[in-house]
Structures are given as structure tokens and as C-alpha cells.
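Structure first, then comments.
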Amino acid sequence: MLEDKNQNSTSLSDLGEFGLIRHLTDAIKLKHKSSVKGVGDDAAVLHFDKQLLVTTDLLVEGVHFDLSYVPLKHLGYKAVMVNLSDVYAMNGNATQITVSIAVSNRFPLEAVEELYAGIHLACKMYGVDLVGGDTTSSTKGLLISITAIGEANKKDVVYRSGAKPNDLIVVTGDLGAAYLGLQVLEREKQVFQANPNAQPELDNYTYLVERQLKPEARKDIIQLLKDLEVKPTSMIDISDGLSSDIIHICQQSEVGCNLYEDKFPLDPQVIATCEEFNIDATMVALSGGEDYELLFTISLDDFDKIKGNPNLTVIGHIVDKNEGMHLVTRANQKVELTAQGWNALLKKD
Ligand code: ADP
Ligand code: MG
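In my numbering, the protein residues as written are 66 to 414.
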């Protein structure tokens, strides 16, 4: 977990917009050759020889995050991660970001510093340059928009549209923990609202809460695939949930798929917490979302190269489009996949 350290409160209006920008960006040292000019002019100047990848995400307080249990430093970190994850999902390397924020006068300087501490940490950990942004006020709440820029050789870019029948479907890491982490945090919020003296009980859920508050984009997998000499035929990052993300791949590739319930990678804490909350772990893995793992397909010929790697789990295969998109259950039943996951799994009997 990240530490929040600032408790003081300095009004943003004391600094002014330019003072604030300088304060937040003064210490930046650009690392990439492609970053010719960063913060400080009318536009950043970048130079690339490869194909450019550009992706952006807008996060709105009350819609995408709840500051009653999301520390600002984590929010900054996560806002960068969700963008880098999209660059890695194209099989590229992320090189720069821009950060735009709108803040209401409810936030003191120290709050914005915490947000930027998370942003700068993410840039440092993932080797990305912060090269610009925009700062403005809002009447209410906090908005953050981050744009990530990356690069890839033309031959290396992986689209959602390249999956072929018989390809294997592979997922990285494990599934469902971030969603459960959110449920745990929501539950603690209710408890706290009922009794402000209650101590949060998060000991049994450390992995889940960490996955919700501090996700890591899978830059390591892009390197691993290079080392293994495997180029996926299609790829996406899991932001909405396995079910809706495999559907994106199938629709864009004009294929179908079979996923196997018994192959889903689940952390023991996910299994234990699903039992406690009486929800089905398969449903959580399918529909949970926010895992920021990579979901990709590979040619059957590449299976030997990935076999046994603890980061990678084969969870199914691609079939002809007319066979449809299905989950094959432990009981060997075929259930059609929907974007909401398998609704029948919502209730465990
Ligand atoms: P302009 O008026 O041309 O939009 P700004 O005064 O908004 O310029 O920004 C000045 C410089 O500071 C620019 O390089 C811009 O990219 C950068 N910048 C502004 N806001 C942020 C921010 N929140 N984070 C990082 N860089 C920022
Ligand atoms: Mg501006």
C-alpha cells in the first residue's frame, strides 16, 4: 500500500494556476529520447521512428472513484495504470503521459500533491515521462484525464481483431480480486457510516484491496512474450471483465470461443471471500472487471513456448463464429457468454 503523508492544508488559490503547475512538475526529469520537450511550452515535442499508440481515459469523482475510501495517491497511481494497460494491450511500450485535472476548492494543495505523488511514482516504476497536461477548476469534485502515448514496431502491434479458430485463449495473473476488493471497501464504508468509531477489518482481504486500489499494468508480460518469441494473434486488457472483453475479441475477430470454468485462475483469497459473501467465484472472474490483466490469443503452434509459465493460464480456445461464445462449466454444460457474464451464476444455491 502507498502512504498518505500530508495532513496540512494550503489553499490552491494561494499558489495560483501557474504556481501549482510549477510545483507539481518542477522535479520531472525526462528519460526517453523520444521526449524532446516536456512541460513548459505550449505543446510537448515528441519524436518517434515507430508507430505511435495513443489512448486516453477520463475519471470522474463519484462515477469512477469514491474518495471516502480511495486515497488520492492510489487514485493517481491507478489513473496512470489504466492508461498504460491499454498501451501494453497493443503489445507496445508506453513512453509518455499527459495529465489533465479539474479540482474544486474543496481540495487543498496537499491533496493535489498526494494525487501527483501517485502519478510520479507510477511514471517512475514504469519508465514513463510526464510531458504535459492541463489544470482547471471545477465547481464540484475532482476529474482526472490521462493520455498515454506509446510506441511499437509496425510488425509487433497486436489488435483485437486477429484471433483465428483453434487459437488458444490465454489470461495473465488471476481474476476477480479487484471487484471483490471494491465490495470489501464498500462494505467497510457502510460499517463506518453506521459507526464512525468502528475499525476497518481488512486483514483477510489484503490482496483484494491491493488489487482494487493499486493495480499494476502488465508491462512485464510484453517483455515476457518478446523473450518467449510469442506474438499474440489478438489481445485486450481486462478492464470490464473477462466475459465482455473476450466478447470484444470474438466480435472484432469474427470468431466464437469456448472458455473452461475449471481453468480460471483464482487467488485463494478470492475463493474464500466468494464463499463468505455467498457469490460465485466464476461469476466474479467473468464479470468483475478492473483486473488489468492481459487477455490474448496465440496460435496452437506457440503452446509449447508458454506451457508451464506461472504468469500465463490457458482458459479456452477460439472456434468458428457460428459455434458462438460459450462457457463450459465444471458439470460440462455449455452456457452462452453475455457481456454481463453468466447471470445464472449470480445466485449460488
Ligand atoms: P496553455 O495555456 O498553453 O494551455 P498551461 O498554462 O495550461 O498552458 O500549461 C503550461 C504547461 O504546463 C504546459 O506545458 C502544460 O502541458 C503543462 N501542464 C499544465 N497543467 C498540467 C498538469 N496538471 N500536469 C502536468 N503538466 C501540466
Ligand atoms: Mg492549459
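Note that beta-carbon positions come from the ideal geometry of N, C-alpha and C, so glycine has one too.
What residues are listed by DSSP as bridge partners for residue i?
| i | result |
| --- | --- |
| residue 161 | 194 and 214 |
| residue 126 | 130 |
| residue 167 | 201 and 208 |
| residue 382 | 233 and 323 |
| residue 116 | 217 |
| residue 401 | 391 |
| residue 299 | 362 |
| residue 100 | 111 |
Is residue i buried or exposed, if buried means 16 or more other CB atoms sit within 10 Å of its CB?
| i | result |
| --- | --- |
| residue 99 | buried |
| residue 251 | exposed |
| residue 383 | buried |
| residue 279 | buried |
| residue 239 | buried |
| residue 202 | exposed |
| residue 334 | buried |
| residue 81 | exposed |
| residue 118 | buried |
| residue 414 | Bear in mind that a pLDDT of 41 at residue 414, under 50, signals an unreliable position, so the number given afterwards is only what the model happens to contain. It is exposed - the Cβ of residue 414 has fewer than 16 other Cβ atoms within 10 Å. |
| residue 94 | exposed |
| residue 103 | buried |
| residue 161 | buried |
| residue 284 | buried |
| residue 408 | Low local confidence applies: a pLDDT of 49 at residue 408 is under 50, so the model's placement there is unreliable, with the coordinate-based value given in what follows. Exposed, because fewer than 16 other Cβ atoms sit within 10 Å of the Cβ of residue 408. |
| residue 338 | buried |
Taking 8 angstroms as the limit between beta carbons, can you name the residues of its chain near residue i, skipping five residues before and five after?
| i | result |
| --- | --- |
| residue 221 | 156, 157 and 296 |
| residue 218 | 115 and 116 |
| residue 387 | 321 |
Once you ignore the five residues that flank residue i on each side, which residues in its own chain have a CB closer than 7 angstroms to its CB?
| i | result |
| --- | --- |
| residue 394 | 326 and 400 |
| residue 364 | 232 and 298 |
| residue 101 | 110, 111 and 112 |
| residue 230 | 320, 383, 384 and 385 |
| residue 306 | 351, 352, 353, 354 and 406 |
| residue 96 | 192 and 194 |
| residue 404 | 308, 309 and 312 |
Between residue i and the rest of its own chain, which residues show a CB-CB distance below 6 angstroms, the 5 nearest in sequence each way excluded?
| i | result |
| --- | --- |
| residue 398 | none |
| residue 328 | 380 |
| residue 247 | 277 |
| residue 165 | 198, 199 and 210 |
| residue 228 | 298, 299, 314, 318, 320, 362 and 383 |
- Meets three-Cβ-pair contact criterion under 8 angstroms: the segment 196–212 and the segment 143–150: Judged by Cβ distances under 8 angstroms, the segment 196–212 makes contact with the segment 143–150, as three or more pairs qualify.
- Message: For the structure I just gave you, are there three or more beta carbon pairs, one from the segment 169–185 and one from the segment 71–88, closer than 8 angstroms?
- Response: When Cβ pairs closer than 8 angstroms are counted between the two stretches, the segment 169–185 is seen to touch the segment 71–88, the count reaching three or more.
- Would you say the segment 133–141 touches the segment 270–289, given that touching needs at least three Cβ pairs under 8 angstroms? The segment 133–141 is in contact with the segment 270–289.
- Query: Given 8 angstroms as the limit, is there contact between the segment 280–294 and the segment 367–376, that is, 3 or more CB pairs closer than that?
  - Reply: As far as the Cβ criterion goes, the segment 280–294 touches the segment 367–376, which means the pair count is three or higher.
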